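A.B. asks:
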């Protein structure tokens, strides 16, 4: 299997994992307004990149509108809302464990969307990666509402990838990223105006804007491109294994920012994730299907 798409997917997850510490700075900020600004900046950067690389951006047609709207509503809007409300009823580890289970769903749902059978080795690798990620995250405590939001987070994180599969072929990673971000601007913008008011932007502090800019550039514009490139090249099932990199990145980033060194159990989890990645990514990827081949 070629190294580039794997490195792209892993790099994208490194940015996502590193965003955990940055997102903490936005706890007191008007979240919906920040998200709208974040996706607006990311969309602008992606369009500039498309112009600079002369990559055509195609207008969605037919059912593509629904697939792309699904990516945006589930993978961006509802996912972010679930994280905010889930944090009020569950420790961060609970939400982290929910996201850690995504490789298993992608290992099953991804091949089915491509019209293939589930690869037993990839499914086994997904289970290993999930177990490793849970060791890294820990279990944490939650009430019933927190568990419900954790399930919503899990489903939305998986749908961010699965719902993009049918449109990646025609639009490519860049096109899907552009359409998802401009739709997110509309959705978050309207929701922010209704719930936080037009004056919410005036309540943002310089550190809020810096955190939002980092999320826009690294975690959205760059990470979206890297992730969807990985999904296009090696398929959603194998790409899903790389989500196990995110909790490792979060743990190591926290340590770099002054948090205590990870416990032996966390190091065991990191080793387990690495074993799962080695198991699932060392077999040749199947040939691209029409759903993921560029038109």
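Residue numbers (full-length UniProt numbering): 1 to 295.
Positions of the beta carbon are idealized from the N, C-alpha and C atoms, including for glycine.
Predicted model only: the values in this text are computed from it and were never measured.
Thinking just about the alpha-carbon of each residue, which of 274, 197, 271 and 242 is nearest to the one in residue 6?
C.D. replies: 242
A.B. asks: Find out if the Cβ-Cβ distance for the pair residue 217, residue 45 is shorter than 8 Å.
C.D. replies: Contact: yes.
A.B. asks: How should residue 294 be labelled, buried or exposed, when 16 other C-beta atoms within 10 angstroms of its C-beta is the threshold for buried?
C.D. replies: Here residue 294 scores only 42 on pLDDT, less than 50, and its place in the model is too uncertain to base an answer on.
A.B. asks: Rounding to the nearest angstrom, what Cα-Cα distance links residue 10 and residue 228 in this structure?
C.D. replies: 12 Å
A.B. asks: Check residue 213 in the structure and name its three-state DSSP category.
C.D. replies: In this structure, residue 213 counts as helix in the three-state DSSP scheme.
A.B. asks: Which residue or residues does DSSP assign as beta-bridge partners of residue 90?
C.D. replies: 142
A.B. asks: Compute the distance between the beta-carbons of residue 185 and residue 176, then report whether it is under 8 Å.
C.D. replies: no
A.B. asks: If you draw a straight line from the alpha carbon of residue 108 to that of residue 123, how long is it in whole angstroms?
C.D. replies: A straight line joining the alpha-carbon of residue 108 with that of residue 123 spans about 7 Å.
A.B. asks: Does residue 263 come out as helix, strand or coil in the three-state DSSP assignment?
C.D. replies: Correct three-state label for residue 263: coil.
A.B. asks: Give me, in chain order, the residues of the same chain whose beta-carbon lies closer than 7 Å to that of residue 130; leave out the 5 immediate sequence neighbours on both sides.
C.D. replies: 100, 101, 103 and 104
A.B. asks: Can residue 245 and residue 14 be called in contact, C-beta distance under 8 Å?
C.D. replies: yes
A.B. asks: For residue 166, report the span of its alpha helix (DSSP H) as first-last.
C.D. replies: For residue 166, the enclosing alpha helix (DSSP H) begins and ends at 165-195.
A.B. asks: Kindly indicate which three-state DSSP category residue 53 falls into: helix, strand or coil?
C.D. replies: helix
A.B. asks: Which residue from 223, 149 and 194 puts its Cα closest to that of residue 31?
C.D. replies: Of 223, 149 and 194, the smallest CA-CA separation from residue 31 is found for 194.
A.B. asks: At a cut-off of 7 Å, is residue 68 close to the ligand COA when judged by its beta-carbon and the heavy atoms of the ligand?
C.D. replies: This structure lacks the ligand COA, and indeed carries no ligand of any kind.
A.B. asks: Just how far apart, CA to CA, sit residue 277 and residue 236?
C.D. replies: 14 Å
A.B. asks: Anyone know if the C-beta pair for residue 126 and residue 280 falls short of 8 Å?
C.D. replies: yes
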